[in-house]
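Engineer: Residue numbers (UniProt numbering): 1 to 298.
Every residue, glycine too, gets a C-beta built ideally from N, C-alpha and C.
Since the model is a prediction, treat every value here as computed from it, not as a measurement.
Please see the structure below; I have some questions.
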């Protein structure tokens with residue numbers, strides 16, 4: 001709806017109120033909606049000024065919504081898996097930077113092609129020199145509008161449409177390149193942080209592994225004198241070394257087992273009662289010293 005108001009309704013209103021041609025009104029609506037402000041045309045009717053003001057407010061709200069969505073998406077995408085997780089980087093996480101670099105490369109190439117068309121317009125249509133044409137192309141894409149094209153307000157001309165087409169192509173491409181570049185920089189920074197933190201976790205995991213494997217080993221080694229582990233020990237050591245389990249968790253689980261076991265076994269109803277009881281303790285409805293298998297939890 002915003003696009004329809006911007007590219008269809010607003011040009012019609014401006015053309016009617018100011019008496020301009022439709023192509024000149026379209027040019028003015030597009031460049032004002034993107035906050036370029038070339039200054040080649042000026043409105044004189046109060047109602048037209050109100051229409052343009054409303055359009056700019058709607059455009060600002062739309063841009064704010066898009067940027068807010070983009071930022072929240074980047075936070076959800078990057079921060080939990082890269083900074084909070086203790087697991088090793090997956091194949092997908094290792095591949096994503098290459099994809100982002102490729103997307104940035106494609107966007108830059110398209111941006112260069114787009115700027116070339118702007119320079120070509122300035123040199124061929126406006127008869128400017130290369131430097132002025134380049135400044136027009138970049139300032140239009142950047143929405144600063146330092147160099148304005150030649151616009152006739154009361155005639156339908158092809159150059160009006162050409163400038164509109166260039167603006168609608170160059171401005172989104174400039175924003176895309178900027179967003180992709182920021183994404184790549186953020187990605188490289190967070191990957192660097194993850195590598196540093198991963199080195200520290202690797203050292204801690206190796207130390208915990210060496211500590212735990214002595215405690216989990218079976219009493220009798222094999223025929224070659226190599227120490228063995230049972231299935232439980234294998235699970236613990238595997239998870240521990242891959243940063244999926246903390247050594248303190250092992251101690252907590254062992255203490256729970258010692259509390260509940262009878263002849264090295266724990267009845268499932270008792271285990272269920274204990275788990276429900278610990279949830280109630282966490283909610284604050286009971287205290288930890290009130291545990292009893294017969295009245296632990298329903």
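Is the beta carbon of residue 143 closer than 7 Å to that of residue 24?
Structural biologist: Reading the chain shown from its first residue, position 24 is the one you call residue 24. Reading the chain shown from its first residue, position 143 is the one you call residue 143. No.
Engineer: What does a CB cutoff of less than 8 Å around residue 33 pick up in its chain, not counting 5 residues either side in sequence?
Structural biologist: As a position in the chain shown, residue 33 is number 33, starting the count at 1. Excluding residues within five positions, the ones whose Cβ falls inside 8 Å are 6, 10, 55, 56, 59.
Engineer: Looking at the secondary structure, which residues open and close the alpha helix (DSSP H) in which residue 31 lies?
Structural biologist: Residue mapping note: residue 31 aligns to position 31 of the chain shown, counting from 1. Looking at the DSSP string, the run of the alpha helix (DSSP H) that includes residue 31 is 22-33.
Engineer: If residue 293 sits next to residue 266, beta carbons under 8 Å apart, how far is it from one beta carbon to the other, in whole angstroms?
Structural biologist: As a first step, residue 293 must be located in the chain shown, where it is residue number 293. As a first step, residue 266 must be located in the chain shown, where it is residue number 266. Actually they do not touch by this definition, with Cβ atoms about 10 Å apart.
Engineer: Quick test of your reading: residue 180 and residue 274, contact by CB under 8 Å. State the CB separation rounded to the nearest angstrom.
Structural biologist: In the chain shown, residue 180 corresponds to position 180, counting from 1. In the chain shown, residue 274 corresponds to position 274, counting from 1. Rounded, the Cβ-Cβ distance is 52 Å, inconsistent with contact.
Engineer: Contact defined as beta carbons within less than 8 Å: I believe residue 244 pairs with residue 236. What is the distance between those atoms, to the nearest angstrom?
Structural biologist: As a first step, residue 244 must be located in the chain shown, where it is residue number 244. As a first step, residue 236 must be located in the chain shown, where it is residue number 236. Rounded, the Cβ-Cβ distance is 10 Å, inconsistent with contact.
Engineer: Going along the chain, which residues of its own chain have a beta-carbon closer than 7 Å to the beta-carbon of residue 257, five neighbours each way excluded?
Structural biologist: Start at 1 with the first residue of the chain shown, and residue 257 comes out as number 257. If we look at residue 257 and ignore the five residues flanking it on each side, its Cβ neighbours are 266.
Engineer: Does the separation of the CB atoms of residue 43 and residue 13 fall below 7 Å?
Structural biologist: Position 43 of the chain shown, counting from 1, holds the residue named residue 43. Position 13 of the chain shown, counting from 1, holds the residue named residue 13. No, they are not a contact pair.
Engineer: Alpha carbon to alpha carbon, what distance is there between residue 261 and residue 282?
Structural biologist: Walking along the chain shown from the start, residue 282 turns up at place 282. Walking along the chain shown from the start, residue 261 turns up at place 261. Rounded to the nearest angstrom, the two C-alpha atoms are 23 Å apart.
Engineer: What residues in its chain sit with their C-beta under 8 Å from that of residue 150, if we drop five residues either side in the sequence?
Structural biologist: What you label residue 150 is simply residue 150 of the chain shown in a count that begins at 1. Counting only Cβ-Cβ distances below 8 Å, and skipping sequence neighbours, we find 40, 126, 159.
Engineer: Between the beta-carbon of residue 141 and the beta-carbon of residue 171, is there less than 7 Å?
Structural biologist: Numbered from its first residue, the chain shown carries residue 141 at position 141. Numbered from its first residue, the chain shown carries residue 171 at position 171. Yes. Within cutoff.
Engineer: Can you look up residue 101 in the DSSP assignment and give me helix, strand or coil?
Structural biologist: Taking the chain shown and counting its residues from 1, one reaches residue 101 at position 101. Here residue 101 sits in helix by DSSP.
Engineer: Considering only residues of the same chain and omitting the five flanking positions on each side of residue 310, which have a CB-CB separation below 6 Å?
Structural biologist: Because residue 310 is not part of the residues shown, which for the chain are 1 to 298, the question remains open.
Engineer: So for residue 269, helix, strand or coil by DSSP?
Structural biologist: Taking the chain shown and counting its residues from 1, one reaches residue 269 at position 269. In this structure, residue 269 counts as helix in the three-state DSSP scheme.
Engineer: Under the rule that 16 or more other beta-carbon atoms within 10 Å means buried, what is residue 174, buried or exposed?
Structural biologist: Taking the chain shown and counting its residues from 1, the one referred to as residue 174 is at position 174. Residue 174 comes out buried.
Engineer: Given this structure, state the Cα-to-Cα distance separating residue 164 from residue 118, to the nearest angstrom.
Structural biologist: Start at 1 with the first residue of the chain shown, and residue 164 comes out as number 164. Start at 1 with the first residue of the chain shown, and residue 118 comes out as number 118. When rounded, the distance between both Cα atoms is 11 Å.
Engineer: Suppose you measure from the CA of residue 289 to the CA of residue 252; what does that come to, to the nearest Å?
Structural biologist: For the purposes of this step, residue 289 is taken as the residue at position 289 of the chain shown. For the purposes of this step, residue 252 is taken as the residue at position 252 of the chain shown. Residue 289 and residue 252: Cα-Cα distance of roughly 16 Å.
Engineer: Please go through the same chain and pick out, in chain order, the residues whose beta-carbon is closer than 7 Å to the beta-carbon of residue 27, but skip the five residues on each side of it.
Structural biologist: For this step, residue 27 is matched to residue 27 along the chain shown. Taken in chain order, the residues that qualify are 151, 160, 163, 164.
Engineer: Quick check on this structure: which residue in 178, 98, 30, 123 has the alpha carbon closest to the alpha carbon of residue 8?
Structural biologist: To locate residue 8, count along the chain shown from 1; it is residue 8. For residue 8, the nearest C-alpha among the options comes from 30.
Engineer: For residue 172, name the three-state secondary structure that DSSP assigns.
Structural biologist: The residue given as residue 172 occupies position 172 in the chain shown. Residue 172 falls in the helix class under three-state DSSP.
Engineer: Taking its Cβ as the centre, do 16 or more other Cβ atoms sit within 10 Å of residue 46, making it buried, or is it exposed?
Structural biologist: Counting from one through the chain shown, the residue named residue 46 turns up at place 46. Exposed, since its Cβ has fewer than 16 Cβ neighbours within 10 Å.
Engineer: Apply the 10 Å Cβ neighbour rule to residue 187 and answer buried if 16 or more other Cβ atoms are within range, or exposed otherwise.
Structural biologist: The residue given as residue 187 occupies position 187 in the chain shown. Buried, since its Cβ has 16 or more Cβ neighbours within 10 Å.
Engineer: Give the straight-line distance between the Cα atoms of residue 224 and residue 268, rounded to the nearest whole angstrom.
Structural biologist: The sequence position of residue 224 within the chain shown is 224, counting from 1. The sequence position of residue 268 within the chain shown is 268, counting from 1. For residue 224 and residue 268, the distance between alpha carbons rounds to 39 Å.
Engineer: Span of the alpha helix (DSSP H) holding residue 131?
Structural biologist: On the chain shown, position 131 is the one that residue 131 refers to. Per DSSP, residue 131 belongs to the alpha helix (DSSP H) from 130-142.
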